[in-house]
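A.B. asks:
In the numbering used here, the protein residues as written are 3 to 221.
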């Protein structure tokens, strides 16, 4: 009898390639947790303001080349379980925004406060692909056809005086992210072995968490 492992993944956790080592990611998938500092309140405030400003605005406000549609609040998504190499993967998370186009398809949008660069698209492709996967293979309800995915990047450009006080002028940059058919399933197949053997996953050079883990396990 083959026993399946069950793993729930948050889309935001999948951007580990540029932030965390494979060993830490593997251990986290197997239930390891470490203390974390509080999420800076300023980012939560920025996220709330961005959502309020863009909700119900036309897709052209994101980028003029996008098809006709409306930008909506993203809400929570959850995929049906999908088995790869004996591991049942479920995607569960909360999207920043969703474009609903007039042709019936949708677009995945994630807000980022950062300096815009082409490298951002590569860094966040796993997160966007996970949202796309959950929308097209939902745990319940009808699947959505995702035709577009991308980042809407906010960057402060200058400070000005207004009748309400000082304010930042912010630029917005749309970075479309291409997600080829089968890309996310291939991505899951690469991380599936980490579930069964997290100890075999390589540590990132000078990873402080791995160093601490080693010291704790040797005591």
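Beta carbons: idealized from backbone N, C-alpha and C, even for Gly.
Taking contact to mean at least 3 C-beta pairs separated by less than 8 Å, is the segment 83–94 in contact with the segment 102–121?
C.D. replies: no
A.B. asks: Between residue 183 and the ligand HEM, is the CB less than 8 Å from at least one heavy atom?
C.D. replies: The ligand HEM is absent from the structure shown, which contains no ligand whatsoever.
A.B. asks: Exposed or buried, residue 29, counting other C-beta atoms within 10 Å across all chains shown (16 or more means buried)?
C.D. replies: The residue you call residue 29 lines up with position 27 of the chain shown. Residue 29 comes out buried.
A.B. asks: Grouping DSSP H, G and I as helix and E and B as strand, with all else coil, what is residue 22?
C.D. replies: Counting from 1 along the chain shown, the entry for residue 22 is found at position 20. Reduced to three states, the DSSP call for residue 22 is coil.
A.B. asks: Tell me the rounded alpha-carbon separation between residue 201 and residue 135.
C.D. replies: In the chain shown, residue 201 corresponds to position 199, counting from 1. In the chain shown, residue 135 corresponds to position 133, counting from 1. Distance between the alpha carbons of residue 201 and residue 135 is about 28 Å.
A.B. asks: Once DSSP output is grouped into helix, strand and coil, what is the label at residue 114?
C.D. replies: By 1-based counting over the chain shown, the position of residue 114 is 112. Note: residue 114 maps to strand in three-state DSSP.
A.B. asks: Could you give the C-beta distance for residue 128 and residue 16, rounded to a whole number, given that I count them as a contact under 8 Å?
C.D. replies: Looking up residue 128 in the chain shown gives position 126. Looking up residue 16 in the chain shown gives position 14. The pair is a contact, with the Cβ atoms about 4 Å apart (cut-off 8 Å).
A.B. asks: How many Å lie between residue 14 and residue 165 at the Cα?
C.D. replies: In the chain shown, counting from the first residue as 1, residue 14 sits at position 12. In the chain shown, counting from the first residue as 1, residue 165 sits at position 163. About 38 Å.
A.B. asks: Let me make sure I understand the geometry here. Which of 32, 159, 97 has the alpha-carbon closest to that of residue 78?
C.D. replies: What you label residue 78 is simply residue 76 of the chain shown in a count that begins at 1. Residue 78 has its Cα closest to that of 97, out of 32, 159, 97.
A.B. asks: Short of 8 Å in beta carbon distance, which residues of its chain neighbour residue 168, apart from the five on each side in sequence? Order them along the chain.
C.D. replies: Here residue 168 refers to the residue found at position 166 of the chain shown. For residue 168, where only same-chain residues beyond five positions count, the Cβ hits under 8 Å are 161, 162.
A.B. asks: What would DSSP say about residue 59, mapped onto helix, strand or coil?
C.D. replies: Position 57 of the chain shown holds residue 59. Residue 59 falls in the coil class under three-state DSSP.
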